[in-house]
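Counting in the working numbering, the sequence shown runs from 30 upward without gaps.
Each residue gets a CB set at the ideal place from its N, CA and C atoms; glycine is no exception.
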Amino acid sequence: MASNPVFPDAPAWPAAKAGPAPIGHNSAPLEERIPEEFRAALLEERPDFMQKLDDMLGAGDPNSEAYRPGAVQRAKCVDADTMARCASLVGLLRAAEKHVGEVHKVMKQPYLDGGRLVDGQKNAIVARIQSGRQRVEEMQAAYAREQRQAELKRLAEEAEQRRKLEALAQENGLEDAVPPPPEPAPVKRQPLRSDDGATVSTTTVLVPTVTDYAKAFRHVKNDAKVREAIDAAIARLVKATKAKELAGVTITEDVAVNNR
């Protein structure tokens, strides 16, 4: 079914043109420039940083003869003394991780700031577009609901007329004379098509509203995401309350190591 094209006061969409060149298009590719700049930043205040990492984590291919194991590979924890030595090694590794994180934050900040500025421009324009689109779609939805209500009213009236006809036929022994009921209307209607090719169709959907969570839970208790949410909620509860017993939950003890 065709309809009128876009409203006369709606301008045509302009033809696509080549977009602007990306910022920094004359520089070396990011995949080349960023690793070099990041490594230089790591070594700026700690020139021996990468060497220290190799000393702690090992250097080279573990499967080659040239491989040199580091402190992590040589570490052992068999008594109180080596337990404390492991704590010192963990402290060094944490310091190295902190250094990498600090350099990462400084290097990434300009890109984040630029991204936020671009996002701000995009979001402001998209918000206007979405507001306009929402207004039109809400008009469509209101019209579709009016049509659906009218259809339901018509179907109810037809059903009532048929009920009366069947009752009258039964009283007079003419059940076979009653025509079969009409085929149910399709859930998805035929789309409307405008002259410029846009289409719109309506579909009857079911919209649930939970009114009793205890009863509704029975329908979704085996859903994987529901179980994940329950596991997470129970873990938060046990951590917050230090509960050792909960109905339906097995709580066991484990050992957590805290290096400071």
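Residue i - containing beta strand (DSSP E), residue span
i	result
residue 289	Neither: residue 289 is in no beta strand (DSSP E) and is coded neither H nor E.
residue 59	Looking at the DSSP string, residue 59 is not in any beta strand (DSSP E); the run it does join, the alpha helix (DSSP H), is 59-74.
Same chain, Cβ closer than 7 Å to residue i, neighbours up to 5 away in sequence not counted
i	result
residue 100	84, 85, 118
Per DSSP, the bridge partner or partners of residue i
i	result
residue 88	97
residue 295	Nothing about residue 295 can be read from this structure; the chain reaches only from 30 to 289.
Where the alpha helix (DSSP H) through residue i begins and ends
i	result
residue 117	109-200
residue 245	242-249
Neighbourhood of residue i by C-beta, 8 Å cutoff - its chain only, sequence neighbours within 5 removed
i	result
residue 79	68, 71, 72
residue 263	275, 278
residue 280	267, 272, 273, 274
residue 128	71, 75, 78
Cβ neighbours of residue i in the same chain (closer than 6 Å, five flanking residues each side left out)
i	result
residue 247	none
Per-residue DSSP class, three states only, for residue i
i	result
residue 228	strand
residue 83	helix
residue 218	coil
residue 212	coil
residue 266	helix
residue 105	coil
residue 236	coil
residue 77	coil
residue 261	helix
residue 207	coil
Supposed contact pair residue j and residue i - C-beta distance, whole angstroms, cut 8 Å
i	j	result
residue 228	residue 220	4 Å
residue 288	residue 120	7 Å
residue 88	residue 97	5 Å
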